[in-house]
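Visitor:
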Amino acid sequence: MSEARLEILNNIRKSLTAGEPKTSQRTSELRARLKDTAPQIQPRFNDDDLTRFCEKHVAVHGTYELIKRVDIEAAVLRYLQGLEIDPQIHLGVGPCLNQVVWSESVFTYKKSADKNTRVAVSEAFAAIAETGTLVMCSGSDLLPSHNFLPDDHIVIADCERIVRYQEDVWSLLRQDDHFPQRAINLITGPSKTGDIEQTIQYGAHGPRRIHVLIVKD
Amino acid sequence: MSQISSIQRVEFQDRVRTALNDVNLQRAMAKAKSGFVDKRLEAKNALPEFDQIRDAARDIKDHVLSNLDTYLELYEEKVIENGGHVHWARDAEEACSIIAEICKASGARTVTKGKSMVSEEMYLNPALEAVGMEVVETDLGEYIVQLAGETPSHIIAPAVHKTREQITDLFHEHHSPLGYTDRVTQREALVNEARSVLRERFVSADVGITGANFLVAETGANVIVTNEGNGDLTSSLPKVHIVTAGIEKVIPSLEDLSVLLRVLARSATGQEFSAYTSIYSGPRRPEDGEGPEAYHVVLLDNGRSRMLGGDYQSMLRCIRCGACLNHCPVYGAIGGHAYGWIYPGPMGSVLTPLLNGFDSAVDLPNACTLNGRCKEVCPVRIPLSDLLLKHRTEQHERKLTSATSRWILNGWAWLVRRPRFYQAVMAIPLWTMNRVSRGSGGLRWIPFARGWTNTRDFPVPSRKSFLRQWHSKEKGHE
């Protein structure tokens, strides 16, 4: 194994620099470049972050509702009633979600989703205005299976956590103790496929619908 | 060597003829038609900075390639820090045996796969099946192609060559034994049936294998971009996750990733952003409630290190978006399988001879009209049509082309370097054509050009060449 490693790296060096040995100076220059976190060219747009997020999220077939922090449970139940789904939810964690005291009629599961899971309710780490993207992060009690197995994914997004660009998310992630987080899932609309006759069908493998509850007090 | 190339040529021409006469293929390709092209243009027009971002994307890839050894080491260091393993494979065979070993050592029986062109390059599925693994492709297009016993015909739309009727038949045949006895024909029902069948596979797989759109040196992460979410279920649910990637996939930081992501989806499908962009770093951690227990990366060279520093280095910038395929009139007419290996279209015609040997695919660089659309749409500005020309020159120099064509080209080159003689020689056909056409302006038949004259008249050029007309006008002005 290490023999292959050595041979490949040597072949690369031979091709690039005619066998010139690598210098520690170049390595430290490149290490420094990795630490340079200034964004490169970014698309300009005029809308404010909330407007842009909502517009882009709807454009990729997502739905949303602006709610008050105290109305999270009511909004979840309203959504489920609309689809005639029993109030049995796989529940994530997060600063907004942790404050909800669920009434007795709601069954909540704090475990991995399985192949029959209908609904998961999660809280986004952040959201990106540029593309209408939700940022989900793994961590203790944060289960990526909730993002990919249920039919319906309800995501709480704190309006304060909607940032303008992808690069702003990288900054937030770097400030977190767990950086680099094991799983960072950027989700832009429901799961879809164009593999049959190049025509979009929703609900390929992941959620068929994504509903965002934007918390704005 | 020339014998090999003549065999290859017959095969290529046969494959093209088969493709052009394949009713289903032609129907499927006609249906796909300009969808990707129109959507890409729309996405490009909606982003005024698109061309500047393409320049930045090109520069990032060039920077990495010039420092590839160091970036690979920096990336490896981080993967190990995250608790993952990095394996290096010089060629496809070595990569397959590494992956087979990991599967066997973990006691695996079933493997789910996310879409990975590099695993196609390795011929990974048969290698794993040979050691007793059951391998299931989970990208819907790849799954369809696997059921059909075929390989992908497009790098991002593997089943673009299949009609809905063919997919209906395949599902009915393979899903009936699983209890799905109704024959479903509608798109939504077909997608739902595959969703339901593949769910069982996802939750029961022992090993998940995915590709990587990018490897990030800053964090030691692999990035996968999908619309279906199959790559994420493959990465997250099994107890072992194996990432396969070419050595050229490494990029420096997350900021570089942003630049590349802004051109990838737009160029591929015309989306601003794909549904799922996921960044995975290592195995599950003590605080994690789920995730793979082991995380392996297999880095494949397979001829790439040889391409560095040479005329074809820019081909290693490729981010596998498929835009060049979508914009290629030849690809649109013959589909992907006619190209004979897993990488079709312009990028395949450049890459296949470089990875498999110049004499292995002599026809590919010639199956091109040099219209240049591929070069125009490439998100990392690979001069594809120039590289195809370069291949042709190289074939000529290596004597891989037929003796007749070399003789004609050499004769032509000799002639055009002698302007006076050239003009004298070219006056003969001009005079003859004008004489034979008797002023009608068209010829119904000319030797060696029946391909043209069978369906239309050949327009007769002016009796006097451009140069002669120019000179006589100049004289008139004096």
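If you read the sequences in order, they're chains A and B.
Counted from 1, the first sequence has number 52 at position 53 by numbering that gives the first Met the number 0; the numbering is strictly sequential.
Counted from 1, the second sequence has number 454 at position 455 by numbering that gives the first Met the number 0; the numbering is strictly sequential.
Glycine residues also receive a C-beta, built at the ideal position from the N, C-alpha and C atoms.
#1: Distance cutoff 7 Å, beta carbons only. Does B/Phe272 sit that close to anything in chain A?
#2: Please confirm if A/Phe147 has its CB atom under 7 Å from at least one CB of chain B.
#3: Of all the CB atoms in chain B, is at least one closer than 7 Å to the CB of A/Gln24?
#4: Below 8 Å on the Cβ atoms is my guess for A/Lys215 versus B/Asn226; work out the distance and round it to an integer in Å.
#5: Where does B/Ser461 land, buried or exposed, given buried means 16+ other C-beta within 10 angstroms?
#6: Taking B/Ser348 as the query, report the chain A residues whose CB atoms sit under 9 Å from its CB, ordered along the chain.
#7: Going by C-alpha distance, which of A/Ser1, A/Lys55, A/Ser27, A/Gln24 is nearest A/Arg163?
#8: When you compare each of B/Pro382, B/Pro378, B/Leu408, B/Val379 to B/Thr392 by their alpha carbons, which one comes out closest?
#9: Near B/Asn433, which residues of its chain fall below 7 Å by C-beta distance, leaving aside the five closest residues on each side in sequence?
#10: B/Thr276 versus chain A: which residues are under 7 Å apart at the beta carbon?
#11: Would you call A/Ile7 buried or exposed, if buried means 16 or more other Cβ atoms sit within 10 Å of its Cβ?
#12: Just to confirm my understanding: we take B/Ser152, look at its own chain, exclude 5 residues before and 5 after, and list those with CB closer than 8 Å. What are they?
#13: Are the C-beta atoms of B/Leu442 and some chain A residue less than 7 Å apart?
#14: In this structure, does DSSP put B/Asn81 in helix, strand or coil?
#15: Is it the case that the Cβ atoms of B/Lys63 and B/Glu75 are separated by a distance below 7 Å?
#16: From what residue to what residue does the alpha helix (DSSP H) around B/Ala426 run?
#17: Apart from the five residues just before and just after A/Pro86, which ones in its own chain have a Cβ nearer than 7 Å to its Cβ?
#18: Look at the alpha carbon of B/Ala88 and the alpha carbon of A/Ser144, and state the distance between them as a whole number of angstroms.
#19: Looking at chain A, is there any beta carbon in it that lies within less than 7 Å of the beta carbon of B/Lys472?
#20: Measuring only the C-alpha atoms, how far is B/Thr403 from B/Leu350?
#21: Cβ closer than 9 Å: which chain A residues qualify as neighbours of B/Asn325?
#22: Among B/Gly34, B/Cys95, B/Asp13, B/Gly475, which residue has its Cα nearest to the Cα of B/Val296?
#23: So, does the stretch 19 to 39 of chain A touch the stretch 99 to 111 of chain B, judging by three or more C-beta pairs under 8 Å?
#24: For B/Tyr294, which residues does DSSP report across the bridge?
#25: Could you check what DSSP says for B/Ser471 in three-state terms: helix, strand or coil?
#26: Quick check for students: name the residue ranges of the alpha helix (DSSP H) that lie wholly in the stretch 289 to 360 of chain B, counting only runs of 4 or more.
#27: The ligand FMN heavy atoms versus the CB of B/Leu315: any closer than 6 Å?
#28: Using a Cβ-Cβ distance under 7 Å, would B/Thr69 count as near chain A?
#29: Can you list the residues of chain B that A/Glu166 reaches, using a CB-CB cut of under 9 Å?
#30: Tell me which same chain residues have a C-beta within less than 6 Å of the C-beta of A/Ile88, skipping the five on either side of it?
#31: Can you list, in chain order, the residues of its chain with a C-beta nearer than 6 Å to that of B/Leu259? Leave out the 5 residues immediately preceding and following it.
#32: Could you give the C-beta distance for B/Pro364 and B/Ser348, rounded to a whole number, given that I count them as a contact under 8 Å?
#33: Can you name the residues of chain B whose CB is closer than 8 Å to the CB of A/Asn10?
#34: Using the beta-carbon of each residue, which ones in chain A are nearer than 8 Å to B/Asp231?
#35: Within 10 angstroms of its Cβ, does B/Trp451 collect 16 or more other Cβ (buried), or is it exposed?
#36: Using the C-alpha atoms, what's the distance from A/Phe147 back to A/Thr116?
Guide: According to the data block:
#1: In the second sequence, counting from the first residue as 1, residue 272 of chain B sits at position 273. So, interface residue.
#2: Locating residue 147 of chain A in the first sequence gives position 148, counting from the first residue. Yes, A/Phe147 counts as interfacial toward chain B.
#3: Sequence index remark: in the first sequence, residue 24 of chain A carries index 25 (1-based). Not an interface residue.
#4: Locating residue 215 of chain A in the first sequence gives position 216, counting from the first residue. Locating residue 226 of chain B in the second sequence gives position 227, counting from the first residue. Contact between A/Lys215 and B/Asn226 does not hold, since their C-beta atoms are separated by about 30 Å, which reaches or exceeds 8 Å.
#5: Position 462 of the second sequence, counted from the first residue, corresponds to residue 461 of chain B. By the beta-carbon neighbour count (other beta carbons within 10 angstroms, threshold 16), B/Ser461 is exposed.
#6: Here residue 348 of chain B is taken as the residue at index 349 of the second sequence, counted from 1. In chain order: nothing, as chain A lies at least about 22 Å away.
#7: Your numbering for residue 163 of chain A matches position 164 in the first sequence. Residue A/Lys55 is the option with its Cα nearest to A/Arg163.
#8: By one-based count along the second sequence, residue 392 of chain B stands at place 393. In this structure, B/Leu408 is the residue among B/Pro382, B/Pro378, B/Leu408, B/Val379 with its C-alpha nearest to the C-alpha of B/Thr392.
#9: One-based indexing of the second sequence puts residue 433 of chain B at position 434. Sequence-distant partners of B/Asn433 (beyond 5 residues in either direction) whose C-beta falls short of 7 Å from its own C-beta, in its chain, are Val459, Arg462.
#10: By one-based count along the second sequence, residue 276 of chain B stands at place 277. Chain A residues near B/Thr276: Leu185.
#11: In the first sequence, counting from the first residue as 1, residue 7 of chain A sits at position 8. A residue is called buried once 16 or more other Cβ atoms fall within 10 Å of its Cβ, and A/Ile7 is buried on that count.
#12: One-based indexing of the second sequence puts residue 152 of chain B at position 153. Result list for B/Ser152: Val144, Ala158, Val159, His160, Gly334, Gly335, His336, Pro343, in chain order.
#13: Along the second sequence, read from residue 1 onward, the residue named residue 442 of chain B stands at position 443. No, because no Cβ of chain A sits closer than 7 Å to the Cβ of B/Leu442.
#14: Counting from 1 along the second sequence, the entry for residue 81 of chain B is found at position 82. B/Asn81 sits in coil when the DSSP states are folded into three classes, being neither helix nor strand.
#15: Taking the first residue of the second sequence as position 1, residue 63 of chain B is located at position 64. Taking the first residue of the second sequence as position 1, residue 75 of chain B is located at position 76. For the sequence presented, residue 63 of chain B should be read as Val rather than Lys. No, Cβ-Cβ distance for B/Val63 and B/Glu75 is not below 7 Å.
#16: One-based indexing of the second sequence puts residue 426 of chain B at position 427. For B/Ala426, the enclosing alpha helix (DSSP H) starts and ends at 418 to 436.
#17: Along the first sequence, read from residue 1 onward, the residue named residue 86 of chain A stands at position 87. Excluding positions up to five away in sequence, the list reads Leu76, Leu79, Ser104, Val105, Phe106.
#18: Along the second sequence, read from residue 1 onward, the residue named residue 88 of chain B stands at position 89. Along the first sequence, read from residue 1 onward, the residue named residue 144 of chain A stands at position 145. Approximately 32 Å between the Cα atoms of the pair.
#19: Taking the second sequence and counting its residues from 1, one reaches residue 472 of chain B at position 473. So, not an interface residue.
#20: Residue numbering aside, residue 403 of chain B sits at position 404 when the second sequence is read from its first letter. Residue numbering aside, residue 350 of chain B sits at position 351 when the second sequence is read from its first letter. Cα to Cα, B/Thr403 sits roughly 27 Å from B/Leu350.
#21: The residue labelled residue 325 of chain B in the question sits at position 326 within the second sequence. The contacting residues do not exist; B/Asn325 stays about 11 Å from chain A at best.
#22: Along the second sequence, read from residue 1 onward, the residue named residue 296 of chain B stands at position 297. B/Val296 has its Cα closest to that of B/Cys95, out of B/Gly34, B/Cys95, B/Asp13, B/Gly475.
#23: No, the stretch 19 to 39 of chain A is not in contact with the stretch 99 to 111 of chain B.
#24: If you number the second sequence from 1, residue 294 of chain B lands on position 295. Looking at the DSSP assignment, B/Tyr294 forms a beta bridge with B/His240.
#25: For the purposes of this step, residue 471 of chain B is identified with residue 472 of the second sequence, where counting begins at 1. Helix, per DSSP.
#26: Within the stretch 289 to 360 of chain B, the runs of alpha helix (DSSP H) that reach at least 4 residues and sit entirely inside it are, in chain order, 303 to 306, 322 to 325, 328 to 333, 344 to 355.
#27: What this structure holds is no ligand at all, so the ligand FMN is not there to describe.
#28: Position 70 of the second sequence holds residue 69 of chain B. Taking CB atoms only, B/Thr69 has a neighbour in chain A less than 7 Å away.
#29: Translated into the one-based positions of the first sequence, residue 166 of chain A becomes position 167. Under the 9 Å cutoff, chain B gives Leu253, Glu254, Ser257.
#30: Within the first sequence, numbered from 1, the residue matching residue 88 of chain A stands at position 89. Within the same chain, A/Ile88 has close Cβ partners Thr107, Val118, Val120.
#31: Translated into the one-based positions of the second sequence, residue 259 of chain B becomes position 260. Apart from the 5 residues on each side of it in sequence, B/Leu259 sits with its Cβ closer than 6 Å to the Cβ of Ala56 in its chain, given in chain order.
#32: Along the second sequence, read from residue 1 onward, the residue named residue 364 of chain B stands at position 365. Along the second sequence, read from residue 1 onward, the residue named residue 348 of chain B stands at position 349. Indeed they touch by this definition, with Cβ atoms about 5 Å apart.
#33: Counting from one through the first sequence, the residue named residue 10 of chain A turns up at place 11. Neighbours of A/Asn10 in chain B, taken as residues at a C-beta separation under 8 Å, are given in chain order as Asp300, Ser304, Arg305.
#34: The sequence position of residue 231 of chain B within the second sequence is 232, counting from 1. B/Asp231 reaches chain A at Pro143, Asn146, Phe147, Asn184, Gly205, counting residues in chain order whose Cβ is nearer than 8 Å.
#35: On the second sequence, position 452 is the one that residue 451 of chain B refers to. Exposed, since its Cβ has fewer than 16 Cβ neighbours within 10 Å.
#36: As a first step, residue 116 of chain A is located in the first sequence; it is residue number 117 there, counting from the start. As a first step, residue 147 of chain A is located in the first sequence; it is residue number 148 there, counting from the start. Spanning the two alpha carbons is a distance of roughly 10 Å.
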